[in-house]
């Protein structure tokens, strides 16, 4: 499988480093993702990349069909892409909204996602959150 052209997720997560998106064509990401899928009970021991792809256990990004998105019920996706027709939260006049700031405190990956958004935002470049 060929690596897709990648961009930043609506929330600021870096699709290029996300194992849920890259595991079909990146062996290191596959090891991480498949191990996690097995812990979740979504894959049996011995099942690999091919089975995970057939089961739809990978993300095709925020800008594709919802039924192919890792989390089609994502509130950021619904707000940013569906309701406002934006590519990322930085395009919103409310950026950064309280809900996004609260979300960014959930774990380090989410904090990094907010920093990624700030790095591309013209209005908020240089601000620390």
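Residue numbers (this note's numbering): -15 to 113. We put the beta carbon where it would ideally sit given N, CA and C, even for glycine.
Residues near residue i by beta carbon distance below 7 Å, same chain, minus five either side
i: residue 27; result: 18, 21, 35, 36
i: residue 13; result: 3, 6, 7
Pair within 8 Å by beta-carbon distance, residue i and residue j
i: residue 42; j: residue 79; result: no
i: residue 74; j: residue 98; result: no
C-alpha gap between residue i and residue j, whole angstroms
i: residue 46; j: residue 3; result: 15 Å
i: residue 72; j: residue -8; result: 8 Å
i: residue -11; j: residue 1; result: Summary for residue -11: the model assigns pLDDT 46, below 50, so the residue's position carries little reliability, and this model does not support an answer.
i: residue 9; j: residue 25; result: 22 Å
Own chain partners of residue i with C-beta closer than 8 Å, once the 5 adjacent residues on each side are dropped
i: residue 89; result: 95
Close Cβ partners of residue i (< 6 Å) along its chain, the five nearest in sequence each way excluded
i: residue 54; result: 4, 43
i: residue 103; result: none
> With contact counted as at least three CB pairs below 8 Å, one residue from each stretch, are the stretch 63 to 70 and the stretch 85 to 100 in contact?
Replying inline: no
>> With three or more beta-carbon pairs closer than 8 Å as the criterion, would you say the stretch -6 to 11 touches the stretch 88 to 98?
In response: yes
> Which whole runs of the alpha helix (DSSP H) in the stretch -14 to 67 are 4 residues long or more, in chain order?
Replying inline: 3 to 6, 11 to 24, 33 to 38
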